[in-house]
Structures are given as structure tokens and as C-alpha cells.
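This report concerns only the one structure given below.
Numbering (the working numbering), first residue to last: 174 to 638.
Spelled out as C-alpha cells, the structure:
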């Protein structure tokens, strides 16, 4: 019964895949959660749902990414919203359902959305949303269909019953399960949209970005449609006080545009039952050095600390909304990489934001990549958590080449390992181009290597294949 927004990128794809696993392999989904969860993490109110989706979700996202198409195909994104305040309010309150019945007319009349008897404008409205059949006409105070006249009165009785039996539609129409501003994805994504049946395609409403990213100007209908919203976006770094760094560095270098991230974070606070969720990897490597993505402070921020809400790393969930600075720091330390926890604790204490006697609980001191990899590898091997869960434009050959180049890059970041590889290559001990398919060499331009540098590069590539 909620609303979903997800950003572009591999973490967004991961969210979509996780939801599909929850829907289709629920027992496995629960086992994965049990392995990853820690006993010291308190349950988040309203965030304990792990069962398959009963009502489905409505998608409202600036970018209609490939993951949404997969969620539509999986039957997860299926909750319809309608561009009419009275109709949507009645649906939200459970006073009507998507299935049309005589009670639908009565509820709309009671709410003041239609008159009794029906007017020409009422009939236009009711036809537009499938409440009346398309060929029902209003003529001089009467309803006509297929040459027969019916009463336009909504008073209970035989005339009303006859009108309902012959003029009512079966289900509400004109709704949308997805609002998007623009779309981007692999080739199969576009092909699927081209081949989608018209009636299903009509449920995807490409709209103004302002309509999706803002409440201003259409606040009443947006609030009614975007119930229980979860706005999920990625960030590069988070400070221990809850600010997020998503679009630039403290040097002034821009990494990306802010896009709709700020809008969705702000909307997560403006809507009464919404939450903003920022995802990030707890650590990164740069020039053979490991760095924490949870930092004490940073000179550039995209999302200010007063909009802090939920932050998720591979090590857990930190619910920050409404908590003191000290509690926020403790919760972010709990999902930071343990290689950096002592340094972060020391910084917080030296700045008077953490009690001098505070120690990170034992259960939170084992946030290491190897633990996560060991936990997820069996599910990766079973195919539930594949490298490209939503498909890729890479061919099998290109994937093999990408894996080799990734290993080569990793070796290049470790000088001793690279030197060893170069020596072995120069001595001809390991690598033989005859062991590699010719098409791989051709794809990389390595069919012929004339100079020493070219020969070494080809040899290194072959070795990593």
C-alpha cells in the first residue's frame, strides 16, 4: 500500500532485486535477513514487513529506471492512483474499492463529488474513470445507453437498480501505477516498453518532473497518492552528525548534479508517513588506501544534518530522525566499517559530542567486508543475488573482459603484486596468448603487439583472463 522512489545505479538495482526476492522467494528472503541482522539492532517501527506484498506499491520517481519495469513485471508495483482528489481520498479511506459497484456512486455522492440527480459533468467524470460505461450519455436529465433510457437519480429503488445493472462499469480506469519524468535503461528495457500492451502501458504515466519532485502546486492530490512513501537514494559520504555528501567534493570538484535527491529527502519529512532513506557503501579504496565513507565532518554537504533520516550501509540500518546528536553518532558508528570505528569515536569524543566513557558494543565491532561476503556468497551462487540482477548490455565476452580488467586494476593498486606479475610476464613463465580466445584479443586491440610495453600489456591482460 505504499509509494516507492529509487535512484539510478547498482544500489537501486539491488533494492529492486531484494523486493523481487521478497515477493517470489519469501522463505529465502527471510533467511538472508536473519543472517545479516544483528540482535543489538532495535526494530524500526513500521519497518518490520517481510511478507509478500498484499496491496502492492505505487512508483513515483524522477527517473523511471529499469528496476521499476522489473517490479511491474513481478506484480509488486501495481497500486493504482487516480488524478482526482475525492476519488483518491475515498480509496485511501477504504470507502470505495477499485471494483465498481452501486456503493461507488453512493460514496461519491455523499462526498459531494457528484450530484443527485447526475449532471452532464458528472457523467463525463464517471465515464472518464470507468464508473459508467463509455457509451452512456446524459440527455435532458436522463441517462441513455443503447437506445434505452435510465433514471439519473441516485435514490434507492428500482430505477436506481436498473441504471446500475445496465450502465455501471466493472473497475476503475484512468489510474497509474507509475509516475516518471524520464527513463533510462539497457536495450531490453526499451524493447519491453515498445512491446508492452497498450492497456498496460497506459498505467505508466510520464509526467512533469516538477509534479514528481515537488508537492507545491498540487499538494492535495500528491499527499493522497504518495501514502507511506519510501524515497531511496544513494550518497557518497555521511558525516557522524547525519549530513550527506552526494554531488561534490570539498575541493569544489563536482561529481554529479544534485538531481531530485534533495527534493525527495525534503518530501520524506513533509509527508506525514514518509521516510527518506540514503544508501552508501561504508568504505572505499583510493590509490591502494582504504577510506571510510562515514566521516566526522566534511566541508561540502548535499543534504544538511537537519534533514537526517534513515541511513543504510552494508552493515545495517541507522534510524536518525528525531534523535540527539550523541544518539545519531552512536547509530552511525554501529553501521560504520570497524576498521575506522576507533578513529571516529576519538573524533566525536574530542569534539564533546560523545561521552568520554562510551565504548562501541561488542556486537557492532565486527563490521568487516569478509563477514558480509561470506554471508551473501551462498545466495549469490544460488542466483538470488547475481552480479547483474536486472540484466546488462554487456555480452558474455565483454563480461569476461571486464572481470579481467577489474583484476588488473586491483593488481595495479598493489605495486608489489604488479611487479611480480610483470616479472613473471617478462620471463614468459605464466601467460600464453594462445590460451585466450582470439576475439578477446581483437576486442582489446591486442592481436599484434610490437613494442615491449604493448607486449607486457597483452601478457598482463592474458594472465588476468
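Note that the Cβ used here is the ideal one computed from N, Cα and C, for glycine as well.
Item, Value
"Look at the alpha carbon of residue 573 and the alpha carbon of residue 542, and state the distance between them as a whole number of angstroms.", "24 angstroms"
"So what does residue 428 bridge to, in DSSP terms?", "Paired residues: none, contrary to the question."
"Touching or not, the segment 180-192 and the segment 405-416, by the rule of three or more beta carbon pairs under 8 angstroms?", "yes"
"Helix, strand or coil for residue 613, going by three-state DSSP, please let me know.", "helix"
"Could you check whether residue 241 and residue 250 sit closer than 9 angstroms to each other, using their CB atoms as the reference points?", "yes"
"Alpha carbons only, please: which of 537, 227, 204 is nearest the one belonging to residue 175?", "227"
"Between residue 289 and residue 280, is the Cβ-Cβ spacing less than 9 angstroms?", "no"
"Can you check whether the CB of residue 438 is closer than 9 angstroms to the CB of residue 482?", "yes"
"Kindly indicate which residue of 580, 568, 386, 471 has the alpha-carbon position closest to the one of residue 178.", "386"
"Name the two residues that bound the continuous beta strand (DSSP E) containing residue 488.", "No beta strand (DSSP E) holds residue 488; DSSP gives it neither H nor E."
"Cβ of residue 236 within 9 angstroms of Cβ of residue 357?", "yes"
"Quick check for students: name the residue ranges of the beta strand (DSSP E) that lie wholly in the segment 414-473, counting only runs of 3 or more.", "448-452, 456-459, 462-465"
"If you draw a straight line from the alpha carbon of residue 620 to that of residue 631, how long is it in whole angstroms?", "9 angstroms"
"Thinking C-alpha only, which one of 360, 533, 452, 495 is nearest residue 238?", "360"
"Among the candidates 369, 192, 258, 210, whose CA atom is the shortest distance from the CA of residue 230?", "192"
"Could you give the distance in angstroms between the alpha-carbon of residue 233 and the alpha-carbon of residue 399?", "8 angstroms"
"Is the distance from the Cβ of residue 376 to the Cβ of residue 277 below 9 angstroms?", "no"
"Along the chain, where does the alpha helix (DSSP H) that runs through residue 537 open and close?", "Careful: residue 537 lies outside any alpha helix (DSSP H) and carries neither H nor E."
"Could you compute how far the alpha carbon of residue 379 sits from the alpha carbon of residue 349?", "10 angstroms"
"Given 8 angstroms as the limit, is there contact between the segment 500-507 and the segment 450-459, that is, 3 or more CB pairs closer than that?", "no"
"Label residue 562 either buried or exposed according to how many other C-beta atoms from any shown protein chain fall within 10 Å of its C-beta, with 16 as the threshold for buried.", "buried"
"May I have the straight-line CA-CA distance separating residue 284 from residue 549, to the nearest angstrom?", "52 angstroms"
"Look up residue 514 in the DSSP assignment and say whether it is helix, strand or coil.", "helix"
"I need the straight-line Cα distance from residue 579 to residue 596, nearest angstrom please.", "20 angstroms"
"Check each candidate in 432, 266, 365 and name the one with the smallest Cα separation from residue 181.", "432"
"With a cut-off of 8 angstroms, do at least 3 Cβ pairs link the segment 193-210 to the segment 464-482?", "no"
"Let me check one thing: in DSSP terms, what residues is residue 341 bridge-paired to?", "305"
"Using a Cβ-Cβ cut-off of 7 angstroms (strictly less than) and excluding sequence neighbours within five positions of residue 472, which residues of its own chain qualify?", "423"
"Just to confirm my understanding: we take residue 622, look at its own chain, exclude 5 residues before and 5 after, and list those with CB closer than 7 angstroms. What are they?", "628, 631"
"Can the beta-carbon of residue 319 be found closer than 9 angstroms to that of residue 308?", "yes"
"Would you call the segment 514-526 and the segment 481-495 touching, i.e. three or more CB-CB distances under 8 angstroms?", "no"
"Give the range of the alpha helix (DSSP H) segment to which residue 502 is assigned.", "498-506"
"Thinking just about the alpha-carbon of each residue, which of 347, 366, 225, 328 is nearest to the one in residue 257?", "347"
"Taking 9 angstroms as the cut-off, decide whether the C-beta atoms of residue 490 and residue 467 are in contact.", "no"
"Expressed to the nearest angstrom, what Euclidean distance is found between the alpha-carbon atoms of residue 510 and residue 474?", "21 angstroms"
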